[in-house]
Amino acid sequence: MIDFLSEILLNEPVAPDFYRMRFTLPETVAPLPGQFFSVKDEQPTGTLLRRPFAFSDVGDGTAEMIYQLRGETTRSLARRQPGDRISVLLPCGNGFPTAVIGDRTPVLVAGGVGLGPILFLYTALKAEGKKPLLIAGFRTAGLIPHSVLPADTVVCTDDGSFGFPGNTVTALRQQAAHRGTVLFSCGPTPMMKALSLFAEEFSLDSYVSLEAMMGCSLGACMGCVVPVRSGGYRRVCKEGPVFDAGEILWTSI
Amino acid sequence: MIDFLSEILLNEPVAPDFYRMRFTLPETVAPLPGQFFSVKDEQPTGTLLRRPFAFSDVGDGTAEMIYQLRGETTRSLARRQPGDRISVLLPCGNGFPTAVIGDRTPVLVAGGVGLGPILFLYTALKAEGKKPLLIAGFRTAGLIPHSVLPADTVVCTDDGSFGFPGNTVTALRQQAAHRGTVLFSCGPTPMMKALSLFAEEFSLDSYVSLEAMMGCSLGACMGCVVPVRSGGYRRVCKEGPVFDAGEILWTSI
Amino acid sequence: MDIDLKVKIGNRYLPNPVGTASGTFGYGDEYEGLYTPGKLGAVYTKAVSLLPRDGNPPPRLVETASGILNAIGLANVGVEAFIEKKLDYLLSQPVATVVNVAGSSPEEYLRVVRRLNETAVWGFEINLSCPNVKQGCLAFGTDPRNVKELTALLRNETDKPLIIKLTPNVTDIGAIAEAAEEGGADAVSLINTLLGMAIDVKTARFKLTNRTGGLSGPAVKPVGVAAVYNVSRRVRIPVIGMGGISNADDAVEYLLAGAKAIQIGTGNFVTPGLCDIVYDGIVAYMEEKQLHSIDDFASLLRDA
Amino acid sequence: MDIDLKVKIGNRYLPNPVGTASGTFGYGDEYEGLYTPGKLGAVYTKAVSLLPRDGNPPPRLVETASGILNAIGLANVGVEAFIEKKLDYLLSQPVATVVNVAGSSPEEYLRVVRRLNETAVWGFEINLSCPNVKQGCLAFGTDPRNVKELTALLRNETDKPLIIKLTPNVTDIGAIAEAAEEGGADAVSLINTLLGMAIDVKTARFKLTNRTGGLSGPAVKPVGVAAVYNVSRRVRIPVIGMGGISNADDAVEYLLAGAKAIQIGTGNFVTPGLCDIVYDGIVAYMEEKQLHSIDDFASLLRDA
Ligand SMILES: Cc1cc2nc3c(=O)[nH]c(=O)nc-3n(C[C@H](O)[C@H](O)[C@H](O)COP(=O)(O)OP(=O)(O)OC[C@H]3O[C@@H](n4cnc5c(N)ncnc54)[C@H](O)[C@@H]3O)c2cc1C
Ligand SMILES: Cc1cc2nc3c(=O)[nH]c(=O)nc-3n(C[C@H](O)[C@H](O)[C@H](O)COP(=O)(O)OP(=O)(O)OC[C@H]3O[C@@H](n4cnc5c(N)ncnc54)[C@H](O)[C@@H]3O)c2cc1C
Ligand SMILES: Cc1cc2nc3c(=O)[nH]c(=O)nc-3n(C[C@H](O)[C@H](O)[C@H](O)COP(=O)(O)O)c2cc1C
Ligand SMILES: Cc1cc2nc3c(=O)[nH]c(=O)nc-3n(C[C@H](O)[C@H](O)[C@H](O)COP(=O)(O)O)c2cc1C
Ligand code: FES
Ligand code: FES
Chain A
1 MIDFLSEILL NEPVAPDFYR MRFTLPETVA PLPGQFFSVK DEQPTGTLLR
51 RPFAFSDVGD GTAEMIYQLR GETTRSLARR QPGDRISVLL PCGNGFPTAV
101 IGDRTPVLVA GGVGLGPILF LYTALKAEGK KPLLIAGFRT AGLIPHSVLP
151 ADTVVCTDDG SFGFPGNTVT ALRQQAAHRG TVLFSCGPTP MMKALSLFAE
201 EFSLDSYVSL EAMMGCSLGA CMGCVVPVRS GGYRRVCKEG PVFDAGEILW
251 TSI
Chain B
254 MIDFLSEILL NEPVAPDFYR MRFTLPETVA PLPGQFFSVK DEQPTGTLLR
304 RPFAFSDVGD GTAEMIYQLR GETTRSLARR QPGDRISVLL PCGNGFPTAV
354 IGDRTPVLVA GGVGLGPILF LYTALKAEGK KPLLIAGFRT AGLIPHSVLP
404 ADTVVCTDDG SFGFPGNTVT ALRQQAAHRG TVLFSCGPTP MMKALSLFAE
454 EFSLDSYVSL EAMMGCSLGA CMGCVVPVRS GGYRRVCKEG PVFDAGEILW
504 TSI
Chain C
507 MDIDLKVKIG NRYLPNPVGT ASGTFGYGDE YEGLYTPGKL GAVYTKAVSL
557 LPRDGNPPPR LVETASGILN AIGLANVGVE AFIEKKLDYL LSQPVATVVN
607 VAGSSPEEYL RVVRRLNETA VWGFEINLSC PNVKQGCLAF GTDPRNVKEL
657 TALLRNETDK PLIIKLTPNV TDIGAIAEAA EEGGADAVSL INTLLGMAID
707 VKTARFKLTN RTGGLSGPAV KPVGVAAVYN VSRRVRIPVI GMGGISNADD
757 AVEYLLAGAK AIQIGTGNFV TPGLCDIVYD GIVAYMEEKQ LHSIDDFASL
807 LRDA
Chain D
811 MDIDLKVKIG NRYLPNPVGT ASGTFGYGDE YEGLYTPGKL GAVYTKAVSL
861 LPRDGNPPPR LVETASGILN AIGLANVGVE AFIEKKLDYL LSQPVATVVN
911 VAGSSPEEYL RVVRRLNETA VWGFEINLSC PNVKQGCLAF GTDPRNVKEL
961 TALLRNETDK PLIIKLTPNV TDIGAIAEAA EEGGADAVSL INTLLGMAID
1011 VKTARFKLTN RTGGLSGPAV KPVGVAAVYN VSRRVRIPVI GMGGISNADD
1061 AVEYLLAGAK AIQIGTGNFV TPGLCDIVYD GIVAYMEEKQ LHSIDDFASL
1111 LRDA
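Residue numbers (the working numbering), protein chains in the order written: chain A, 1 to 253; chain B, 254 to 506; chain C, 507 to 810; chain D, 811 to 1114.
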């Protein structure tokens, strides 16, 4: 784990309220898809704590995130210029367990701010020669960040204004071959809850990347926990953010 | 008193650590030299309270201040661009009592952040046809904001690297005709203390603009007081910031 | 929608729940033009004591992280000058004038209340909680027995609304509130400032001449909300909440926690027109959540 | 210049005054690589209780203005797993391992201390001040008699440094500190978190499942500094200061106020390498002001 003073290289909108930021990384770290970093802007943002964001791409001593304007930190970040500096604590968390895929088809499902890590996973799997299926859901056509989506993305809109009309879970249901697939998803909790019900129904392996309020982002404060079926809690920043969906006590979150 | 959402029109360095900012004013207010305003940036600055600054110029629905980078607010302000917005509470305080001048020569003494209000007073007195003598002190030649100083300014430097070698009070002492002058000054407390001793020595009228930590900037909180000779305290934001130097209990500040 | 903003305190009604916290709004006149008359329900005045007080030597104020420390020391004009010079302006406004009363002995509190009871002030807020003066105030406010006795003494003197203002610098603020209720108070208001200190490390000097000061502002909001929540479950009289309110949501948070009215203190310094914003925000919230009266807020609160 | 950073607590020396506050640094291993060994003087562990504790249901954390509220609920592995899995790493580091001990009865505190006393831990910090669990802790910590008795009980059990950690949620923290001193404590540490609450107005729900939480971070620094100043004038044993330290100046401020050592809590979350920065800053300050030992700080303090 290192705390690196990174330089912003690019910071641009990709859809309404969605930005993409590219920034420098130390050459020595090679974050995995699903891992995240924890940001503190060098300039005042009106907030105290660092904020966790997933990598959406990594390479050549740089990394990228896709972030949504939600509150003060993200609004402040959106005002920053190339050359400004942010402190990034990284790499955090476990990443998606791609080794489990074997010769099954990885199905990647993204909703909202979950798009970043899923895109990174998509790129990595492609590079390994796998054939991932990418499903991404949006509220409406106007919110789709076309510039960052691979051409073969199955795009869904809740209001049917673009692509598949309906949510990602419905889209998934309409795909033929469930048996030979493994699910990887990141998005709003209701989406991931629905996906894990779906996975149970068809006895699919399903891995979800969860969100939680974080204190330390590195496993020390016990602030970021989720309840698990086996009793007690797991830390999203350390044992997660990616969990086997079957482990999570969905009824309590 | 109004709280106005002002637009920054210009924000540029005029000397190391000194900036000049021009911003819009409502047409209905006409602040006087020595009056001040209280700023809150619309963007996060890392500070809670407003900060008081004196007007250095007013005209055509705009106003100007000259400010020194001291802490978080001023450093944040220096990063703002034309078009950004600040909330300004104004006009605050009493202003310099120019009516007392009569046919005496107004001698204006500025040190450090006191330059702004003294420049405004200079401009106003010139416009009235008066012949103010302006003395401005700096630590060293490199810190002089030549672009904002009138050509006839008596510039002093502590290290003698430009203009009069020595501080403003010594420069003042060397001026011939003390009897027919009235002093107006703004600057560091030690300078104003020395000036009021000087004024007492020669029985000159002397008006000083003081600094104090402010809560409300409008007379309600009793936070910004200075001790006075007659006993008790006066509010810098309301009875001040300009005081008859003879009123102040200099031994207690 | 039919919205009733009135708040009953004792035998009177505040026109709406928005008030300005004592010591941050002077006697109202300085803020003229910065708020819309009618949107401000009550002015809680700067503390008024029997005799004028100069207050503490400066510096009296210092900024801290999301807060300020003040050591004003109850600087005020005294009850006679208040009546002579300040009261008329306040009474000419469409607000409830609640006089914050400070004293260094029960006798002194009594005499200020007795004197003001003859005037048209709306009611009293008894400051048992100022950490910035050596005698009185805080000393009274930390002992339930004292609080009960002093409240009863003043209750005997006036039929106007009698509000006891509580300090958070105690082990059990609920017990102090209960004592005020038993003594006959019509309401309690909380929180006053937290005891704090700041030292300038460059000079190794205290930043306040008084050494300690009272902490207020957004930094203390969580402490205020917890105190209001706890106290409002211990007493039946209304609770007036404050501490760090800097926007309408903060005010709503206090109402949800159990307050029936709120006060804005340090927030006035940052946003002089804050009471307008808070008033509008409370109304908008009530419309959105279909609340008809201030009493409806508390029943809205749900577990996480 | 000759600078001695050692701090005597009971019969032992902390190598330097910089420590990490309990609950924010786990058992040290998670922060590996983020600080320079030797610059961190002591790790005050996450609370250790007799049996493992799951802690409170999430959400457990919420950010407030310049602070955070936490309701972790003393989630920890329990004393046996601590010894088995966590202690070796800590003991392998050049730091003093101070175990923060929590319990819901005097008996439980006693058994944890007794068990750990057999190990090579440096000393104990007894948590009488956690606001996030129903039983024990805070209940003990607000009554001087309980504090004195419990301290004496544990003193009887160990010769290692015994530090009593105090809550700021009391009327007179000095009286609690005196009770700890009378009970035989080697030091007191303060402040633990302030009781607080936050409500999400959009949903009208508590932000923490536990409803209340403990407030920490820069927001509480003035409260911590005032408490350290007051307590250090009431007891002869060393005071360990904390609350909102987020840079070297903050640490120096506590030392000037009378602390002999400091702890960094929430600051670790923002700046994981903060103990290095604070260590360097303390040394630089001592050089600048010509201070030879930590004891010299207190005599530097001057009036405003
Ligand atoms: C492991 C992980 C990876 C993430 N990756 C991304 C990403 O790639 N892109 C992205 O846009 N966002 C991501 N997030 C979410 C991101 O951390 C929040 O959007 C961010 O913290 C908001 O900060 P803010 O100050 O702008 O808003 P705040 O003012 O802090 O919050 C605004 C709203 O968002 C909610 N919120 C804030 N933080 C969280 C959180 N951590 N979990 C749940 N709700 C929260 C708040 O409750 C509030 O309602 C990730 C979160 C986690 C835990
Ligand atoms: C009536 C009045 C008029 C002023 N006019 C100007 C002006 O024209 N140009 C200008 O540059 N500055 C002026 N100042 C000073 C200005 O208010 C401070 O420089 C500013 O508040 C610093 O804010 P900051 O957040 O950058 O620094 P902070 O972090 O707040 O402070 C940095 C340092 O400056 C000291 N300081 C801050 N504010 C004050 C204050 N109000 N009085 C004394 N010391 C203070 C602090 O103690 C600290 O040591 C004026 C002050 C007053 C009271
Ligand atoms: C500058 C200042 C002066 C104050 N004076 C008084 C006072 O005279 N009487 C009183 O009861 N409270 C006084 N208070 C406390 C406030 O009324 C209020 O209880 C406290 O500031 C918390 O609210 P806030 O966070 O909104 O400021 C004062 C507070 C400040 C900041
Ligand atoms: C997430 C979190 C967990 C904590 N857990 C404990 C604990 O287990 N035992 C304890 O004595 N104090 C605990 N504390 C309190 C801190 O040790 C410290 O007293 C407090 O946070 C103030 O310091 P700070 O402002 O530097 O964080 C915890 C604080 C936080 C933020
Ligand atoms: S955020 Fe601290 S343990 Fe996960
Ligand atoms: S700043 Fe409030 S009275 Fe002057």
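By construction, the Cβ of each residue, glycine as well, lies at the ideal position given by its N, Cα and C atoms.
Computed from a predicted structure; not experimentally measured.
- Spanning the alpha carbons of F162 of chain A and T140 of chain A requires a straight line of approximately 7 Å.
- The stretch 83-103 of chain A makes no contact with the stretch 153-171 of chain A: fewer than 3 CB pairs, one atom from each, lie closer than 8 Å.
- For G46 of chain A, the neighbours in chain B by C-beta distance under 9 Å run, in chain order, Q296, P297, T298 and G299.
- At least one CB atom of chain A sits nearer than 8 Å to the CB of F1079 of chain D.
- With a minimum length of 3 residues, the unbroken runs of beta strand (DSSP E) contained wholly in the stretch 193-223 of chain A fall at 205-209.
- When 8 Å is used as the limit between beta carbons, Y1089 of chain D is near no residue of chain C, the shortest such separation being about 16 Å.
- Going by DSSP, Y785 of chain C is part of the alpha helix (DSSP H) stretching over L780 to K795.
- Put simply, the stretch 1096-1114 of chain D touches the stretch 813-828 of chain D. At least three CB pairs are less than 8 Å apart.
- If you look at A548 of chain C, you'll find it isn't in any alpha helix (DSSP H); it sits in the beta strand (DSSP E) that goes A548 to Y550.
- About 6 Å separates the Cβ atoms of I8 of chain A and R80 of chain A, confirming a contact at the 8 Å cut-off.
- A residue is called buried once 16 or more other Cβ atoms fall within 10 Å of its Cβ, and M507 of chain C, having fewer, is exposed.
- For S185 of chain A, no Cβ of chain B is located within less than 8 Å of the residue's own Cβ.
- Contact between F271 of chain B and P398 of chain B holds: their C-beta atoms lie close to 5 Å from each other, under 8 Å.
- Burial is judged here by how many other beta carbons sit within 10 angstroms of a residue's own beta carbon; K1031 of chain D has at least 16 and is buried.
- Assignment of S185 of chain A by DSSP, reduced to helix, strand and coil, places it in the strand class.
- Relative to G336 of chain B, the option among B:L457, B:N347 and B:M274 whose CA is nearest is B:M274.
- Between S876 of chain D and L89 of chain A, the beta carbon gap of about 20 Å keeps them out of contact (Cβ cut-off 8 Å).
- Here D310 of chain B is bridged, per DSSP, to B:E317.
- Within its own chain, the residues whose Cβ lies closer than 6 Å to the Cβ of G647 of chain C, once the five positions on either side in sequence are excluded, are L634, S635 and T673, listed in chain order.
- With a threshold of 16 other beta carbon atoms within 10 Å, Q428 of chain B falls short and is exposed.
- Chain-ordered, the residues whose CB falls short of 7 Å from any heavy atom of ligand 5 come out as A:M214, A:G215, A:C216, A:S217, A:L218, A:G219, A:A220, A:C221, A:M222, A:G223, A:C224, A:R235, A:V236, A:C237 and A:K238.
- Under a criterion of Cβ atoms nearer than 8 Å, the residues of chain D adjacent to V729 of chain C are, in order, L1004, L1005, G1006 and L1025.
- Its chain contains G984 as the residues whose beta carbon lies nearer than 6 Å to that of N1040 of chain D, once the 5 sequence neighbours on both sides are disregarded; these appear in chain order.
- Counting only residues of its own chain and dropping the five nearest sequence neighbours on each side, P954 of chain D has a CB closer than 8 Å to the CB of A985, I986, E988 and A989.
- At least one heavy atom of ligand 3 falls within 7 Å of the beta-carbon of S528 of chain C.
- M21 of chain A does not reach chain D, its nearest Cβ partner there being about 20 Å away, counting only Cβ pairs nearer than 7 Å.
- Between the stretch 547-566 of chain C and the stretch 470-484 of chain B, the count of Cβ pairs shorter than 8 Å is three or higher; the stretches touch.
- Around the C-beta of R229 of chain A, fewer than 16 other C-beta atoms lie within 10 Å, and the residue is accordingly described as exposed.
- From the beta-carbon of E325 of chain B, the residues of chain A found nearer than 8 Å are P44.
- With contacts defined by Cβ atoms closer than 8 Å, N753 of chain C and I783 of chain C form a contacting pair.
- Judged by their CB atoms, Y837 of chain D and L884 of chain D are not nearer to each other than the 8 Å cut-off.
- In terms of Cβ geometry, F290 of chain B and C345 of chain B form a close pair [threshold 8 Å].
- Identification of residues in the stretch 851-865 of chain D having a C-beta nearer than 9 Å to some C-beta of chain A yields K856, P862, D864 and G865, given in sequence order.
- The C-beta distance from M1052 of chain D to G1034 of chain D rounds to 6 Å, short enough to fall under 8 Å.
- With distances taken between CA atoms, S1026 of chain D lies nearest to D:I1001 out of D:E894, D:I1001 and D:E992.
- In the DSSP assignment, G730 of chain C falls outside any beta strand (DSSP E) and within the unbroken alpha helix (DSSP H) covering K727 to S738.
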